[in-house]
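**Q** In the numbering used here, the protein residues as written are 110 to 332. One structure, as structure tokens, below. Some questions next.
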């Protein structure tokens, strides 16, 4: 499937899975296609509230750009510099942070991806197919507890300030059904190296040459 992709798409996938391409991935594949004026083709549904949300985002961004331009003119500062530091850099940083969070939560040599819905349900992928990542230096707190991701997957309506407590409950009851690991440079590099492509039929992680780097053990969780 990967080999059949157009060359430009293969290059994109290599960038996405390079370990540093999360920002570009989030911007192109998630924000642009699925969040900003998402079409029925991309999202599976077309609801007015989604378009109103995107319209509000557009108006807010235009207003913000106008404000930055106004400040630059009134204060005699460089317009290009203020637009870069006040608009482009914050937006790029947002995409990088979100892309990183999405990557580390759903990419690990021991977690499975599922193509068929019945498999996803059978193996409780909402619980088992995401990783609880422990970041160094208390960075978890700076990200408003989103690293307590199993609880978020189980119920996205749990407010972020309650995620740590919810994750504690999950750990007490289902600690053998999801992966927990403390991230450092070594574990991250190993994860990036081994998780390039996923074989849904054999449930294995592959490199870009199609060589198996990790076989995932599937166990239907007990209640």
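Here a beta-carbon is modelled for each residue, glycine too, at the ideal position from N, C-alpha and C.
Measure the Cβ-Cβ separation of residue 132 and residue 208 and say whether it is below 8 Å.
**A** By 1-based counting over the chain shown, the position of residue 132 is 23. By 1-based counting over the chain shown, the position of residue 208 is 99. Closer than 8 Å, so yes.
**Q** Considering only their Cβ atoms, is the gap separating residue 290 from residue 243 smaller than 8 Å?
**A** Residue mapping note: residue 243 aligns to position 134 of the chain shown, counting from 1. Residue mapping note: residue 290 aligns to position 181 of the chain shown, counting from 1. Result yes, Cβ atoms of residue 243 and residue 290 sit closer than 8 Å.
**Q** Around the Cβ of residue 112, are there at least 16 other Cβ atoms within 10 angstroms (buried) or fewer (exposed)?
**A** Residue mapping note: residue 112 aligns to position 3 of the chain shown, counting from 1. Residue 112 comes out exposed.
**Q** Does any C-beta atom of chain C lie closer than 8 Å to the C-beta of residue 187?
**A** Reference to chain C is not applicable here, since this structure consists of a single protein chain.
**Q** Where do the N-terminal and C-terminal ends of the beta strand (DSSP E) with residue 308 fall, by residue?
**A** Here residue 308 is taken as the residue at index 199 of the chain shown, counted from 1. Taken as a continuous stretch (DSSP letters only), the beta strand (DSSP E) holding residue 308 covers 306-308.
**Q** Using the three-state DSSP reduction, which class does residue 288 fall into: helix, strand or coil?
**A** As a working mapping, residue 288 is identified with position 179 in the chain shown. It is a strand residue.
**Q** Select from 194, 281, 256, 134 the residue whose C-alpha is nearest the C-alpha of residue 270.
**A** The residue you call residue 270 lines up with position 161 of the chain shown. The shortest Cα separation from residue 270 among 194, 281, 256, 134 belongs to 256.
**Q** Comparing alpha-carbon positions, which option in 211, 315, 220, 259 lies nearest residue 139?
**A** Here residue 139 corresponds to residue number 30 of the chain shown, with the count starting at 1. Closest option to residue 139, Cα to Cα, is 211.
**Q** Which residues mark the beginning and the end of the beta strand (DSSP E) in which residue 324 is found?
**A** If you number the chain shown from 1, residue 324 lands on position 215. Unbroken beta strand (DSSP E) run through residue 324: 321-324.
**Q** How many Å lie between residue 322 and residue 316 at the Cα?
**A** Indexing the chain shown from 1 puts residue 322 at position 213. Indexing the chain shown from 1 puts residue 316 at position 207. Taking the straight line from one Cα to the other gives about 7 Å.
**Q** Can you round the beta-carbon distance between residue 147 and residue 135 to whole angstroms, since I take them to be within the 8 Å contact cut?
**A** Translated into the one-based positions of the chain shown, residue 147 becomes position 38. Translated into the one-based positions of the chain shown, residue 135 becomes position 26. Actually they do not touch by this definition, with Cβ atoms about 14 Å apart.
**Q** Below 8 Å on the Cβ atoms is my contact criterion, and I expect residue 221 with residue 301 to pass it. Report the Cβ-Cβ distance as a whole number of Å.
**A** Indexing the chain shown from 1 puts residue 221 at position 112. Indexing the chain shown from 1 puts residue 301 at position 192. The Cβ separation is near 18 Å, so there is no contact.
**Q** Take residue 248 as the anchor and find which of 175, 122, 183, 206 has the nearest alpha-carbon.
**A** For this step, residue 248 is matched to residue 139 along the chain shown. Comparing Cα positions, the closest option is 206.
**Q** Assign residue 262 to buried or exposed, taking buried as 16 or more other Cβ atoms, counted over all protein chains shown, within 10 Å of its Cβ.
**A** Looking up residue 262 in the chain shown gives position 153. It is buried - the Cβ of residue 262 has at least 16 other Cβ atoms within 10 Å.
**Q** When you compare each of 122, 234, 274 to residue 337 by their alpha carbons, which one comes out closest?
**A** One cannot answer for residue 337 here, as it falls past the ends of the chain, which runs 110 to 332.
**Q** From the DSSP secondary-structure annotation, give me the bridge partner or partners of residue 243.
**A** Along the chain shown, one-based indexing puts residue 243 at 134. Paired residues: 291.
**Q** Residue ranges of each alpha helix (DSSP H) run of no fewer than 4 residues wholly in the region 164-205, ordered along the chain?
**A** As far as the region 164-205 is concerned, its whole alpha helix (DSSP H) runs of at least 4 residues are 188-192.
**Q** Under 7 Å from any heavy atom of the ligand GDP, does the C-beta of residue 183 make it?
**A** As for the ligand GDP, it is missing from this structure, which has no ligand bound.
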